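Below is one structure, written out as structure tokens; the observations come after it.
Chains as they are written, first to last, in the working numbering: chain V, 1 to 286; chain A, 287 to 572.
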């Protein structure tokens, strides 16, 4: 059976990497950092948080980069919040924004409101002019519960978009066959996702590049500038600044990727492949 | 009849000034600038925009300063927006935030939604711990149309708060007797409001201080730091930085105010007086 890498035109044992920058739209510092990472750095893909305060500014600076939608149902920061763009009482905590934790979300969210809100986020991104490349899920809220995953998968099918998915080794812990369900619907996803656990990807990237497996791997970073704004709300600002430096200015990383024979791609290649295949095509993820 | 200045304990011909800093909560740069203007500078009052992205951060840094609510139904910036904190479809433009212009607001707003939204803004500020000192109106949206003014006045009565009002000379242009209506309800307001027209108050302040009239005058500024964040969305960033410098660091302004015999107060003094008076008390604004 053809592997994803082969279907994308690579050799069967090729090491293909999507280097995604999360959290476009989060803040001014994240917008500048993410576009720099895409334009001057090694990032090949970014993910937009439509409900965040700086999403419109991100849209105004978009020049056709590989950008998907970071579907968002949480606002985790204590002093800086955002909320649904649709009427969705069950997606508000008592303080007026999205809930801060995924547990709070999973306990209280009405799934019809989830569905409407997330569809509106994708449509808003398209309306703003983004050539949406893929979907992923802020804080993995949509990946880890089957009833939320259904919404995620339906959006991927309806908009013809690939998605970020946990790797095969996490599937058992998650407790339902998310990768098989996506494959059955003809929705593409990378073979491997490198879990970072929070913000700050340097170690994960260095470890991954040393021992990259054949197939398509996704790695994500959270680039942002070191500004008073970012410092004021974000406990992880220093890790974001380090991510930004690593993918934009680091002299070693490009050499390491070259030595490892890594092929960099964005999500758009997966999207074009997905749209060219018949639904339920026979494609084997590594 | 007792004048407002006299009722506040000043001489009949005293020149009393409220120096208000608008737009607390707008951005990180506005929060830092406004608190500096209040704590180290000459500002005696500030106004919080509850629906703005940085309002919670402003709340987290509040230490009991004289802060009122800048009732907000517009989001005027092209690339940086905010929207209602209640379910209010008529207060959204097509792009998901408050309308950008007051004309758009006045044409489409449902008054029941306006009432509920603005009450929620005051209640949210109180919930966050602000000892709310007064009400004023972003872009004067509530001052210039009688049906909106009714909501403004009702909130002032219900919460026992003084309000910002246009000066007597503007009342004819506005076309309804807003000052008399407020006075009849026992709601206090400064005798004079110095209209600035947009952002950047240096000229208005210098002119006003030279020829300050007896009675209580309100002047407002929009202090903000010079940061990449503020520059990225705000055409008026330089005027805000100048306002911040003027009220926080300028060496001349304190001397000018002293020479002019100006007495600085906040809105809280008006609030305490309003609450101590019976409704419809006989008090004569200058």
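A virtual CB, placed ideally from N, CA and C, is assigned to each residue, including glycine. Predicted model only: the values in this text are computed from it and were never measured.
- With its beta carbon less than 8 Å from one in chain A, residue 57 of chain V belongs to the interface.
- By the beta-carbon neighbour count (other beta carbons within 10 angstroms, threshold 16), residue 335 of chain A is buried.
- A Cβ of chain V is located within less than 8 Å of the beta carbon of residue 346 of chain A.
- Excluding its 5 nearest sequence neighbours in each direction, residue 225 of chain V has C-beta neighbours in its own chain below 6 Å: 29, 32 and 33, listed in chain order.
- Spatial neighbours of residue 208 of chain V in its own chain (CB-CB distance under 8 Å, excluding positions within 5 residues in sequence) are listed in chain order as 194, 217 and 219.
- At least 8 Å separates the CB of residue 223 of chain V from every CB of chain A.
- Judged by DSSP in its simplified three-state form, residue 491 of chain A adopts helix.
- Scanning A:288, A:294 and A:287 for the CA closest to the CA of residue 556 of chain A turns up A:294.
- Shown here, residue 320 of chain A sits in a helix according to DSSP, grouped into three states.
- Rounded to the nearest angstrom, the Cβ distance from residue 192 of chain V to residue 160 of chain V is 23 Å, too far for a contact under 8 Å.
- Under DSSP, residue 552 of chain A forms no beta bridge with any residue.
- Residues of chain A with a Cβ closer than 7 Å to the Cβ of residue 81 of chain V are, in chain order, 342.
- For residue 519 of chain A, the neighbours in chain V by C-beta distance under 7 Å run, in chain order, 57.
- When the alpha-carbon of residue 396 of chain A is set against those of A:372, A:550, A:361 and A:475, the nearest one is in A:372.
- Of the candidates A:313, A:534, A:418 and A:435, the residue whose Cα lies closest to the Cα of residue 426 of chain A is A:435.
- The alpha-carbon of residue 113 of chain V is positioned some 15 Å away from that of residue 123 of chain V.
- In this chain, the beta strand (DSSP E) harbouring residue 307 of chain A covers 301-310.
- Sixteen is the threshold: since fewer than 16 other Cβ atoms of the shown chains lie within 10 Å of the Cβ of residue 104 of chain V, the residue is exposed.
- Interface annotation, residue 117 of chain V: not in contact with chain A, CB-CB separation never under 8 Å.
- DSSP places residue 62 of chain V outside both helix and strand once states are collapsed to three, so it counts as coil.
- Across the set A:404, A:329 and A:382, the C-alpha of A:382 shows the shortest separation from the C-alpha of residue 127 of chain V.
- In this structure, the beta-carbon distance from residue 369 of chain A to residue 337 of chain A falls below 8 Å.
- Relative to the Cα of residue 530 of chain A, the nearest Cα in the group A:550, A:464, A:517 and A:488 belongs to A:488.
- In chain order, 485 and 486 place their CB closer than 6 Å to the CB of residue 525 of chain A, counting only its own chain and leaving out the 5 sequence neighbours on each side.
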